[in-house]
Amino acid sequence: QKGLMTPPGLGFVFVNEKARAASPGQASWYWDWGPRTRPTAFYEYFGGTAPTHHLLGLRAALDMIAEEGGMEVVWARHDKLARAAWAAFEAWGQGGPMELNIADPAQRSRAVTALRIGGDNGTRLRRWVEHKAGVTLGIGIGMAEPDDPAWHGFFRLGHMGHINAHMLLGALGTIEAALVALEIPHGDGALAAAARVVAEA
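Here the sequence shown is numbered in the working numbering, starting from 12 and rising by one per residue.
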């Protein structure tokens with residue numbers, strides 16, 4: 012879905028001999044690996060109608076990865092963009108309530124960054140960037156129950172898949188505009204910090 016830049020709904024299954032041996036006679040055709048691993052008709056690969064648009068999207072995504080130079084190059088881009096985002100968030104956090112959910116950079120995801128910003132600032136920030144600039148930030152999954160007021164104090168920024176430096180810097184600039192507009196305290200120099208990471212890589 013995300014890292015392969017393909018709509019949700021496509022999954023891959025790998026089956027070893029142990030799974031094959033256990034599957035005959037299963038109550039559900041769903042668990043019978045035979046038709047999928049030795050199909051007599053194309054549709055049997057998928058257990059029904061082929062997910063054509065997903066397959067075309069996956070083909071395009073794989074072509075983009077190959078054109079970029081392979082997975083190692085993609086991983087390096089994700090690392091650089093993640094570090095740029097973290098630099099901005101850390102700078103903002105110097106003068107306000109923003110805090111990375113994972114303190115140790117070695118433990119952070121290179122695909123998405125979760126943040127806490129306190130009070131109802133997460134929801135206010137997400138709404139502002141969406142309605143004023145068309146930028147969608149994620150909610151804080153698993154941080155608090157939706158009926159808990161603390162739920163509104165988190166947000167996430169994704170930086171994986173088909174994304175580049177100008178997209179990330181644009182999103183960060185939009186977040187800074189929201190911080191200013193909503194009068195949420197924050198430190199200075201965040202965009203410059205992110206730009207330095209992009210420039211040095």
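Every residue gets a Cβ at the ideal spot worked out from N, C-alpha and C, and that includes glycine.
Would you kindly check if the distance between the Cβ of residue j and the Cβ of residue i is under 8 Å?
{"i": "residue 127", "j": "residue 93", "result": "no"}
{"i": "residue 105", "j": "residue 198", "result": "yes"}
{"i": "residue 123", "j": "residue 82", "result": "no"}
{"i": "residue 168", "j": "residue 205", "result": "no"}
{"i": "residue 164", "j": "residue 200", "result": "no"}
{"i": "residue 31", "j": "residue 44", "result": "yes"}
{"i": "residue 196", "j": "residue 108", "result": "yes"}
{"i": "residue 48", "j": "residue 26", "result": "yes"}
{"i": "residue 17", "j": "residue 96", "result": "no"}
{"i": "residue 99", "j": "residue 202", "result": "yes"}
{"i": "residue 75", "j": "residue 173", "result": "yes"}
Thinking residue i and residue j are a contact (beta carbons under 8 Å), I'd like their distance in whole angstroms, please.
{"i": "residue 151", "j": "residue 162", "result": "7 Å"}
{"i": "residue 69", "j": "residue 111", "result": "Actually they do not touch by this definition, with Cβ atoms about 32 Å apart."}
{"i": "residue 189", "j": "residue 136", "result": "5 Å"}
Please tell me whether, using a cut-off of 7 Å, the distance from the CB of residue i to the nearest non-hydrogen atom of the ligand GTP is below it.
{"i": "residue 132", "result": "Looking for the ligand GTP in the displayed structure turns up nothing, as the structure carries no ligands at all."}
At which residues does the beta strand (DSSP E) containing residue i begin and terminate?
{"i": "residue 85", "result": "That residue, residue 85, is in no beta strand (DSSP E); its alpha helix (DSSP H) goes 82-104."}
{"i": "residue 24", "result": "Taken as a continuous stretch (DSSP letters only), residue 24 belongs to no beta strand (DSSP E), as it is neither H nor E."}
{"i": "residue 125", "result": "123-127"}
{"i": "residue 167", "result": "165-169"}
For residue i, is the classification buried or exposed, using 16 other Cβ atoms within 10 angstroms of its Cβ as the cut-off for buried?
{"i": "residue 113", "result": "exposed"}
{"i": "residue 77", "result": "exposed"}
{"i": "residue 192", "result": "exposed"}
{"i": "residue 58", "result": "exposed"}
{"i": "residue 154", "result": "buried"}
{"i": "residue 60", "result": "exposed"}
{"i": "residue 33", "result": "exposed"}
{"i": "residue 207", "result": "exposed"}
{"i": "residue 2", "result": "In the structure as shown, the chain starts at 12 and stops at 212, and residue 2 therefore has no counterpart that could be examined."}
{"i": "residue 166", "result": "buried"}
{"i": "residue 80", "result": "exposed"}
Where does the unbroken alpha helix (DSSP H) through residue i begin, and where does it stop?
{"i": "residue 213", "result": "Because residue 213 is not part of the residues shown, which for the chain are 12 to 212, the question remains open."}
{"i": "residue 46", "result": "45-48"}
{"i": "residue 15", "result": "Note, residue 15: premise wrong, no alpha helix (DSSP H); not H, not E."}
{"i": "residue 161", "result": "No alpha helix (DSSP H) holds residue 161; DSSP gives it neither H nor E."}
{"i": "residue 78", "result": "63-79"}
{"i": "residue 186", "result": "176-192"}
{"i": "residue 205", "result": "201-211"}
Tell me, please, whether the stretch 182-200 touches the stretch 139-157 by the rule of three or more beta-carbon pairs shorter than 8 Å. yes
Taking contact to mean 3 or more Cβ pairs, one atom from each stretch, closer than 8 Å, check whether the stretch 89-103 and the stretch 51-71 are in contact. no
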